[in-house]
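Quick note on our numbering: the sequence shown kicks off at 281 and runs consecutively.
Some notes on the structure that comes next.
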Amino acid sequence: MDNLQKLKNAKNLSDVASLLGFKSSALSYILYVMPTSEKYTLFDIPKKNGGTRTIKAPEMTLKNLQRRLSNVLNGCLREIEKTAPNNLAHGFKEGYSIQTNAKCHTKKRYVLNIDLKDFFPSFNFGRVRGFFIKNNHFQLDSDVATILAQIACHDNELPQGSPCSPVISNLIAHILDVRMVHVAKKNHCTYSRYADDITFSTSQKTFPSDIANYVSDKWIVSDYVKTKVERCGFEINESKTRMQHKDRRQSVTGLIANRKVNVRKEYYKNARAMLFHFITTGNYFTKSMINPLDTGEEKVILNDLNILDGIVSHIVYTKSFNKDREDRPVMLNRSFYKLIERYQYLKYFGLSDKPLIVTEGKTDIGHLKFALMKLHKRYPSLVTENGGNYAFQLSFLKHNKKFMGITGGSGDLNRVISSYDDIVAKIPAWAPLNPVILFVDNDSGIKSIAKTINNKFKKNVSVSEDDDFTYLTKNMYLVKTPHVEGLTETCIEDFYARRWLEVKLDGKKFNKTNKNTPDSYSKEIFLKAIIAKNYNSISFDNFKPILERLEKVLLDWENRKKS
Numbered sequence: 281m282d283n284l285q286k287l288k289n290a291k292n293l294s295d296v297a298s299l300l301g302f303k304s305s306a307l308s309y310i311l312y313v314m315p316t317s318e319k320y321t322l323f324d325i326p327k328k329n330g331g332t333r334t335i336k337a338p339e340m341t342l343k344n345l346q347r348r349l350s351n352v353l354n355g356c357l358r359e360i361e362k363t364a365p366n367n368l369a370h371g372f373k374e375g376y377s378i379q380t381n382a383k384c385h386t387k388k389r390y391v392l393n394i395d396l397k398d399f400f401p402s403f404n405f406g407r408v409r410g411f412f413i414k415n416n417h418f419q420l421d422s423d424v425a426t427i428l429a430q431i432a433c434h435d436n437e438l439p440q441g442s443p444c445s446p447v448i449s450n451l452i453a454h455i456l457d458v459r460m461v462h463v464a465k466k467n468h469c470t471y472s473r474y475a476d477d478i479t480f481s482t483s484q485k486t487f488p489s490d491i492a493n494y495v496s497d498k499w500i501v502s503d504y505v506k507t508k509v510e511r512c513g514f515e516i517n518e519s520k521t522r523m524q525h526k527d528r529r530q531s532v533t534g535l536i537a538n539r540k541v542n543v544r545k546e547y548y549k550n551a552r553a554m555l556f557h558f559i560t561t562g563n564y565f566t567k568s569m570i571n572p573l574d575t576g577e578e579k580v581i582l583n584d585l586n587i588l589d590g591i592v593s594h595i596v597y598t599k600s601f602n603k604d605r606e607d608r609p610v611m612l613n614r615s616f617y618k619l620i621e622r623y624q625y626l627k628y629f630g631l632s633d634k635p636l637i638v639t640e641g642k643t644d645i646g647h648l649k650f651a652l653m654k655l656h657k658r659y660p661s662l663v664t665e666n667g668g669n670y671a672f673q674l675s676f677l678k679h680n681k682k683f684m685g686i687t688g689g690s691g692d693l694n695r696v697i698s699s700y701d702d703i704v705a706k707i708p709a710w711a712p713l714n715p716v717i718l719f720v721d722n723d724s725g726i727k728s729i730a731k732t733i734n735n736k737f738k739k740n741v742s743v744s745e746d747d748d749f750t751y752l753t754k755n756m757y758l759v760k761t762p763h764v765e766g767l768t769e770t771c772i773e774d775f776y777a778r779r780w781l782e783v784k785l786d787g788k789k790f791n792k793t794n795k796n797t798p799d800s801y802s803k804e805i806f807l808k809a810i811i812a813k814n815y816n817s818i819s820f821d822n823f824k825p826i827l828e829r830l831e832k833v834l835l836d837w838e839n840r841k842k843s
């Protein structure tokens, strides 16, 4: 049964609690017993253009409840859009973003931006409850609608900071989108909305007076549009209405939208300065806590890399947004890529607060974590346990093209090994805190890695040798899977008892070459369907030689730091 039908079938608090994975008593306590003063933490953040915005952060249990409601409502939204697609709202939706919103308005003569005043506060308790009762897609029981509104609202409004406020705002604001797109089509314009930002654009010689007019040196939204907006329960913030002509920079949700979706030059320039400062000093500055790339005079020194990560990801994603589309992609220049590469090397390889494991295979991380959990009492320097919760004393680099292009395989590790010294030499702030351990299978794939190591460091590595580890350079080590009796080559799966390797799934055998074929299944399926499901029954004793090698690397690193 789908989410929408489950909601329609719900009749009382017990049904809602069951749907959200809560006990009735827990839901009742949150809604009716927990003191209102304990439900939210309020704090103000500065707005870019002045003033403040109040964020209401829900208490953790309430936040979990709201997150589950958000998941259910997003499921309902997906079901609704299967029969009634909505590509008008770009905020808070999977597959949509500020980039897709800006893309709608590229190559236009006129771009009009309209801001809705007090967007989230405009959704009061009665409005939220009434929507769930009256909307044709929902038509929920009135008691259930009341409970959903009680979960979602605070102080008679949808709070900014709640996980379910975005999806509820999109559901209710859909009527606004329908009416605005009707106005847009009637006037040969394009319409889109991202949260409280509305954009109309057109390539007509004059902008339609039905939508906005130029009066007394400024653009004013027409009474026709204003009335329709107000009838939908919203109010236009007239001070933020902005018209942009193609001869000047056209901005949509903070992105340039003249010819292609792009970031502002100031944003790009400041990001370069921040990256350069970070790889030079180990920290970076922002010019404003309002916006890390604002043009204010005050500089604030930071070392919180989440902010810098967000800036880098935003630029890379936006610059490559048109890739594989009709338009030629707007690419980053080579020097900026080099800055990003050095930044990532310093962050992941130099400043990791734990020894970093870089695996050759994507599934190796899962096997190592399972072994560590099962053998935690024996290896407290690698993992600790408290009440069934495990704290790994190692970190694992996820395979992702964003992380130095490491997606798995010996080729990626070869590139890291061969370029490591050269890149590190260009990072003035380099002062590694922990070792980087390249973990590889001791099979035919080691040949190319061994060749790279020999050429670069004049050290011999081969399948036949069974050293505990090989120190390569700086803080980098190589650890191979140990020898196993009866096998000339080993991979991490060889350290399970044979009976687990011989388990068949739907008549298929496990294929260690990591391929799904009509007769075999891959390493990923082996990890998920065999190891994860049978974890409690599996002995990981054969993994002890691997974990001991990791321990020896940590000891060697400590000795090198002292010397």
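No residue lacks a Cβ here, since even glycine has one placed at the ideal position from N, Cα and C.
{"query": "Answer with buried or exposed for residue 590, where buried requires no fewer than 16 other C-beta atoms within 10 angstroms of its C-beta.", "result": "exposed"}
{"query": "According to DSSP, is residue 323 part of a helix, a strand, or is it coil?", "result": "strand"}
{"query": "Cutting at 6 Å between CB atoms, please list the residues of its own chain near residue 826, excluding the five before and the five after it.", "result": "none"}
{"query": "Distance cutoff 8 Å, beta carbons only. Does residue 348 sit that close to anything in chain C?", "result": "Here chain C cannot be found, since the structure has a single protein chain."}
{"query": "Just how far apart, CA to CA, sit residue 529 and residue 546?", "result": "13 Å"}
{"query": "If the criterion is Cβ atoms closer than 8 Å, does the pair residue 803 and residue 782 meet it?", "result": "no"}
{"query": "Where residue 619 and residue 548 are concerned, what is the direct C-alpha to C-alpha distance, given to the nearest angstrom?", "result": "12 Å"}
{"query": "Are residue 775 and residue 822 touching if we call contact CB-CB under 8 Å?", "result": "yes"}
{"query": "Have a look at residue 337 and residue 824 and give me their C-alpha separation to the nearest angstrom.", "result": "45 Å"}
{"query": "Can you list, in chain order, the residues of its chain with a C-beta nearer than 8 Å to that of residue 664? Leave out the 5 residues immediately preceding and following it.", "result": "656, 670, 671, 673"}
{"query": "For residue 364, count neighbouring Cβ atoms within 10 angstroms of its own Cβ and tell me buried if that reaches 16, exposed if not.", "result": "exposed"}
{"query": "Here's the rule I'm using: 16 or more other beta-carbon atoms within 10 Å means buried, otherwise exposed. How should residue 393 be labelled?", "result": "buried"}
{"query": "Does the stretch 402–409 come within contact of the stretch 426–433, defined as at least 3 CB pairs closer than 8 Å?", "result": "yes"}
{"query": "When you compare the stretch 486–502 with the stretch 370–381, are there three or more beta-carbon pairs, one atom per stretch, that lie closer than 8 Å?", "result": "no"}
{"query": "Can you tell me the Cα-Cα spacing of residue 593 and residue 585, whole angstroms?", "result": "12 Å"}
{"query": "Tell me whether residue 525 sits in a helix, a strand or coil according to DSSP, three-state version.", "result": "strand"}
{"query": "In the DSSP assignment, the alpha helix (DSSP H) including residue 353 goes from what residue to what residue?", "result": "340–363"}
{"query": "From residue 446 to residue 461, what does the alpha carbon distance come to, in whole angstroms?", "result": "21 Å"}
{"query": "For residue 625, which of 323, 686, 291 has the nearest alpha-carbon?", "result": "686"}
{"query": "Suppose the cutoff is 8 Å on Cβ atoms and the five residues either side in sequence are ignored; what does the same chain contact list for residue 423 look like?", "result": "291, 292, 293"}
{"query": "Tell whether a beta-carbon distance below 8 Å holds between residue 790 and residue 806.", "result": "yes"}
{"query": "Using DSSP bridges, identify the partner residues of residue 716.", "result": "636, 756"}
{"query": "Beta carbon of residue 408, beta carbon of residue 448: below 8 Å?", "result": "yes"}
{"query": "In angstroms with no decimal places, state the Cα-to-Cα distance between residue 560 and residue 708.", "result": "5 Å"}
{"query": "Can you check whether the CB of residue 729 is closer than 8 Å to the CB of residue 716?", "result": "no"}
{"query": "Is the distance from the Cβ of residue 810 to the Cβ of residue 647 below 8 Å?", "result": "no"}
{"query": "List, from N- to C-terminal side, the alpha helix (DSSP H) runs of 4 residues or more that fit wholly inside the stretch 670–698.", "result": "none"}
{"query": "When the Cα atoms are used, what is the spatial distance from residue 426 to residue 668?", "result": "38 Å"}
{"query": "Compute the distance between the beta-carbons of residue 395 and residue 477, then report whether it is under 8 Å.", "result": "yes"}
{"query": "Tell me the rounded alpha-carbon separation between residue 319 and residue 340.", "result": "9 Å"}
{"query": "For residue 515 and residue 509, I'd like the C-alpha separation in whole angstroms.", "result": "7 Å"}
{"query": "Tell me, which residues are paired with residue 532 by DSSP?", "result": "535"}
{"query": "Taking DSSP as the reference, what is the three-state secondary structure of residue 480?", "result": "strand"}
{"query": "Are the Cβ atoms of residue 352 and residue 300 separated by less than 8 Å?", "result": "yes"}
{"query": "Check whether the Cβ atoms of residue 693 and residue 769 lie closer than 8 Å to each other.", "result": "no"}
{"query": "Whole angstroms is fine: what's the gap from residue 468's alpha carbon to residue 492's?", "result": "14 Å"}
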